[in-house]
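Novice:
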Amino acid sequence: MKNILKFAFAGAILFGMASCEDDEQNTTDLVQETVERGAVLRTVSLISNSLPIGVPTAEFSVLLEEQDAFGGDLLESVDVEILFTDGSDDVGDSSNGIVGERVFVRNIPASDFEDGPFGLPRHTLTLPLTELLSLVNLTDEDIFGGDSFSTFLTLNLTDGRVFNAENAGGVITGGFFASPFQYLTPVVCPVNDDTFSGDYLVEQLTPSIFGYDTFDPDGGGVILTLIENDEDGFIPGTETVLEDTQRLFDADYLAALGFGNTRTFTLNFICGEVSIPTGSTTGVQCSAGITIGPPTDVFGTYDFQDDTSFVLIITDDETGDCGGAIQTSLSFTKQ
-9 MKNILKFAFA
1 GAILFGMASC
11 EDDEQNTTDL
21 VQETVERGAV
31 LRTVSLISNS
41 LPIGVPTAEF
51 SVLLEEQDAF
61 GGDLLESVDV
71 EILFTDGSDD
81 VGDSSNGIVG
91 ERVFVRNIPA
101 SDFEDGPFGL
111 PRHTLTLPLT
121 ELLSLVNLTD
131 EDIFGGDSFS
141 TFLTLNLTDG
151 RVFNAENAGG
161 VITGGFFASP
171 FQYLTPVVCP
181 VNDDTFSGDY
191 LVEQLTPSIF
201 GYDTFDPDGG
211 GVILTLIEND
221 EDGFIPGTET
231 VLEDTQRLFD
241 ADYLAALGFG
251 NTRTFTLNFI
261 CGEVSIPTGS
271 TTGVQCSAGI
281 TIGPPTDVFG
291 TYDFQDDTSF
301 VLIITDDETG
311 DCGGAIQTSL
321 SFTKQ
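Residues in the sequence shown are numbered from -9 upward in steps of one, following the numbering used here.
Okay, structure coming up:
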């Protein structure tokens, strides 16, 4: 099995080098054709996309750029709507709120956009948690981790055409231009600075696929370093910002097989539950590629007041690329 995976991995690299260039060119061509027919509202930067409970400055914020065949001249306005979803039935009381229904927020006229570095109109949309709660008739006490707000955008053009998530093509919403027209923002419990960071001994509690440890090369445990934003508010060495509830670590997936294929993985700490996002790539494949993600049932847990240890449960090979998804768990102990 070790050799099979190695050959598959090597083949994937050669295939990827050839196919990625073609895919990128095809995507670019398709987007250009689409823009000639309509317009996109591109996500330049997702500035803030979590709503920590008890944080007065909590907000959703995104930098948008409108693109059309006439360099932004077709922009008339953008309509903003939100929708609140109660994902914590047993905590909080949303019975008096507007739940599961879209609520109109505002219309942003073209005059509120400013020219960006490429001469295209840009606007920073910011929705504080206080405003979101007011719009759906809720208070801080009514929400909890697991709840979420969805933001929906509708782009109105001067010629009467309208674009949103319902009529935008997949190449626009999920492809090159990153123009989804909608955003899901979770309500989360904040994780304090300087916690759940630094070196942790990671030990396998239950086997990964093929009986190997997920990240441990020899079965004796492996030291992984959890990274948070630095004092300037960025991931060290970058200008990228982590959410308050996220940590990063670098690791070799199935390290015992000797691929030496280091990847960066994200941990989400959400109100007592810790997980890895779905679709986290490993760089290893049997056919399309092995990904890992959150568990299908019980999540690993953490204590926000004690970062000395926690348990992570993941779904390994979640798409069944190498035979079938399995649940596996790992313990993290601070060093």
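Where a beta carbon is used, it is the ideal one built from N, C-alpha and C, also for glycine.
Thinking just about the alpha-carbon of each residue, which of C179, T281, I199 is nearest to the one in G136?
Specialist: Of the listed residues, the one whose Cα sits closest to G136 is C179.
Novice: Roughly how many angstroms lie between the CA atoms of L54 and L117, to the nearest whole one?
Specialist: So the two alpha carbons sit approximately 14 Å from each other.
Novice: What are the start and end residues of each continuous beta strand (DSSP E) run of 3 or more residues lying completely inside the stretch 191 to 239, in chain order?
Specialist: Fully enclosed beta strand (DSSP E) runs of 3 or longer: 212 to 216.
Novice: Evaluate L65 with the Cβ neighbour count: other Cβ atoms within 10 Å of its Cβ, from every protein chain shown; 16 or more gives buried, anything less gives exposed.
Specialist: L65 comes out buried.
Novice: Hey, V126 and F74: beta-carbon distance below 8 Å or not?
Specialist: Taking 8 Å as the Cβ cut-off, V126 and F74 qualify as a contacting pair.
Novice: Where T129 and L123 are concerned, what is the direct C-alpha to C-alpha distance, given to the nearest angstrom?
Specialist: Approximately 6 Å, taken between the alpha carbons.
Novice: Out of E56, C261, F108, F134, which one is the CA nearest neighbour of V81?
Specialist: Among E56, C261, F108, F134, the Cα nearest to that of V81 is on F134.
Novice: Helix, strand or coil: which one does DSSP assign to E263?
Specialist: Of the three classes helix, strand and coil, the one that applies to E263 here is strand, per DSSP.
Novice: In angstroms with no decimal places, state the Cα-to-Cα distance between Q236 and Q317.
Specialist: About 22 Å.
Novice: Smallest Cα separation from P181: which of G250, V264, S138, L31?
Specialist: Reading off the sequence shown, one finds Val at residue 181, where the question assumed Pro. If we check each option's Cα against that of V181, V264 comes out closest.
Novice: Would you check if there are 3 or more beta carbon pairs closer than 8 Å linking the stretch 264 to 279 to the stretch 290 to 308?
Specialist: Yes, the stretch 264 to 279 touches the stretch 290 to 308.
Novice: Measure the Cβ-Cβ separation of F186 and D297 and say whether it is below 8 Å.
Specialist: Yes. Within cutoff.
Novice: Applying the criterion that 16 or more other CB atoms from any shown protein chain within 10 Å of the CB defines a buried residue, is D19 buried or exposed?
Specialist: Here D19 scores only 41 on pLDDT, less than 50, and its place in the model should not be relied on; the value that follows carries that caveat. The residue in question, D19, is exposed, as its Cβ has fewer than 16 Cβ neighbours within 10 Å.
Novice: Could you compute how far the alpha carbon of L147 sits from the alpha carbon of F255?
Specialist: Answer to the nearest angstrom: the Cα atoms are 40 Å apart.
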